[in-house]
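Protein chains in written order, with the working numbering: chain A, 1 to 360; chain B, 1 to 287.
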């Protein structure tokens, strides 16, 4: 009986995922790649991956880290530097005699390497930083993100990073998969989030949650705190690196200055709104957030006249005020966010739904 | 009981353990020994340093001075260092001066086979009873995060789940497996903590006030339960407890602490007659 139930659930979830992918693909075919809805789907998917990777740390392992923008930057730069075509290097690195890197690799290996480089950075930073707790960890990781942004723009390593100039002409969503940008983004993001979900529901994911719930008890149960925190930090950064690379592909050009700490706060906002400790919450919230900021709430930033009447408050920057109010309301009244710690597929079944997992 | 002091086969041996926080000596020169298969109780008035002793054994604290051996292997050896050299108020500081300090983290000590429960219950709040026990089987798992994520460890995962379920049945919580741990009544939470500790495959079980907050009937049941799991899992049990009936019923030997010092050691009958203990502690008992 339980077994049958499990099989049915599996078929249903595969069908649901397939439906989402077909829907996303169809949306692009109908509306065209430059339409607003397609932009939202692209960027929303990229942010979903980054938010889920941040949730792995903040929501599932209980580590309050604010370094996500730094790891995205590392991933984005790794990807761009490795994939700029040879013919274009002289033009891109015009101030640095064509730069140091004189080879080009494909976009898929570059995506993996982007994640790996971010993971290596995380492993090195984790050594000193993960001994800190709570707010101190947040400050240290935030500091790292700011430092890496400054270092990348340092003139001495300009031949590698192009200093504070733009990196461009690397393969982007539009050039790799013309007409299928959304499908490609969804596939990469889907595989990554799927892997994170598998990790979270494995014995290591359970250990992460134990650390979040009670460090002292977790350690007394034989869970090595540093080892597991480091693991969560490195894996989270790996996927943040891939997310950064995808963001670079989405944007089409890249500059270190866009990876400010406000980017980390945007992602933190998504994680909190979606629910700390809910993967599906982060995904839903990231599409809502991107749709709002890129599309639905755009009108807040433009001065609007209704007849002779000038609508008050609507001016460039007002959108951010609204977002600040939203985050305050969420933190004050909806601390659990949209999903709390539950997942979309656990709704309805209540707590008993977990029995299916237990007997599986 | 004097021959116990020299027995080489001890499960746990504390030698001259002193724990000093700043100027406060929480435990002063405590030495004790626990033999295989024993149930040993550590008793004493509030603030005597009992939980501090547990924390020194399980690696939560580094003792300021002294040594802890588990199955003859050192798991904590220390002597006063740094500022503590001048501040130290305990005894035997010279004895361990030339011994290399040994510091193990709590998780390593749990790996070696010491499991514990907590005075103020520390279950994983967001997890079900079943998941609480399942998490404690993690330390013996052989898969790494990749094989575990990619579900290449099905057999092991199945074995872990079976072990967790069996343990829940052992402690009589199979019905509550899918309940949130924190929604269980108090007595069941205590049992769940014991089940979780057992899931780490210990040879020595440390129970910190297992009967706290229980009524007399529950306490009696708990006593039987402790003896039962001790025999079933071939354990040695070291427990802190305030319920004197429980202590006198099931303990083989008792150590008494007062103001960080050991004031007595012996069988329950010896302890009940000991004038020092009566003065310090049992003087308040009504019999």
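C-beta: ideal position from N, C-alpha, C; glycine also. As the structure is a computational prediction, the values presented were derived from the model and not from experiment.
- If you check the CB distance, residue 290 of chain A and residue 44 of chain A come in under 8 Å.
- Think of a sphere of 9 Å around the beta carbon of residue 216 of chain A: the chain B residues whose beta carbon falls inside it are 60, 106, 118, 122, in chain order.
- Under the DSSP assignment, residue 68 of chain A falls in the alpha helix (DSSP H) whose first and last residues are 68 to 83.
- With the rule of 3 Cβ pairs closer than 8 Å, the region 16 to 30 of chain A counts as touching the region 172 to 188 of chain A.
- Against chain B, the beta carbon of residue 341 of chain A has neighbours under 8 Å at 126, listed in chain order.
- Residue contact with chain B for residue 213 of chain A: present (Cβ-Cβ distance below 8 Å to some residue of chain B).
- Close to residue 141 of chain B, with beta-carbon spacing below 7 Å, are these residues of chain A in chain order: 203.
- Shown here, residue 17 of chain A sits in a helix according to DSSP, grouped into three states.
- In the assembly as shown, residue 77 of chain B is a buried residue. Its beta-carbon has 16 or more other beta-carbons within 10 Å.
- Taking a beta-carbon distance threshold of 8 Å, residue 7 of chain A does not count as an interface residue toward chain B.
- About 5 Å separates the Cβ atoms of residue 277 of chain B and residue 264 of chain B, confirming a contact at the 8 Å cut-off.
- The closest CA to that of residue 35 of chain B, considering only B:63, B:43, B:69, B:195, is found on B:69.
- Close CB contacts of residue 105 of chain A within its chain, under the 7 Å cut and outside five residues either way in sequence, are with 82, 83 (chain order).
- If you draw a straight line from the Cα of residue 73 of chain A to the Cα of residue 136 of chain B, it is about 37 Å long.
- Closer than 8 Å to the CB of residue 212 of chain B there is not a single CB belonging to chain A.
- Judged by DSSP secondary structure, residue 69 of chain B falls within the beta strand (DSSP E) whose first and last residues are 65 to 70.
- With its beta carbon at least 8 Å from every one in chain A, residue 191 of chain B lies outside the interface.
- In this structure, DSSP gives residue 251 of chain A a helical state, which the three-state scheme calls helix.
- Counting C-beta atoms within 10 angstroms of its own C-beta, residue 210 of chain B has 16 or more neighbours from the protein chains shown and is therefore classed as buried.
- In the three-state DSSP reduction, residue 236 of chain B falls in the strand class (E or B).
- At least one CB atom of chain B sits nearer than 8 Å to the CB of residue 231 of chain A.
- Against residue 199 of chain A, the close residues of chain B are 145, 148, 149, in the order they occur along the chain (beta-carbon pairs closer than 8 Å).
- In this structure, DSSP gives residue 128 of chain B an extended state, which the three-state scheme calls strand.
- Chain B has a Cβ within less than 8 Å of the Cβ of residue 224 of chain A.
- Residues of chain B whose Cβ lies closer than 7 Å to the Cβ of residue 221 of chain A are, in chain order, 110, 135, 136, 139, 196, 200.
- With respect to the C-alpha of residue 101 of chain B, the residue from B:229, B:79, B:124 having the closest C-alpha is B:79.
- The region 141 to 156 of chain A and the region 214 to 227 of chain A do not touch, with fewer than three beta-carbon pairs separated by less than 8 Å.
- Inclusion of residue 252 of chain A and residue 75 of chain A in the CB contact set at 8 Å is not warranted, their separation being larger than that value.
- Across the structure, residue 64 of chain A and residue 11 of chain B are spaced so that their CA atoms are roughly 40 Å apart.
- Per DSSP, residue 245 of chain B is one residue of the alpha helix (DSSP H) stretching across 244 to 250.
- Secondary structure note for residue 18 of chain B: its beta strand (DSSP E) is the uninterrupted segment 12 to 21.
- Around the CB of residue 8 of chain A, fewer than 16 other CB atoms lie within 10 Å, so the residue is classed as exposed.
- Rounded to the nearest whole angstrom, the CA to CA distance from residue 109 of chain B to residue 199 of chain B is 15 Å.
- Going by DSSP, residue 208 of chain B is part of no alpha helix (DSSP H) but of the beta strand (DSSP E) stretching over 204 to 208.
- Counting the other Cβ atoms within 10 Å of the Cβ of residue 40 of chain A gives 16 or more, which makes it buried.
- Neighbours of residue 195 of chain A in chain B, taken as residues at a C-beta separation under 8 Å, are given in chain order as 149.
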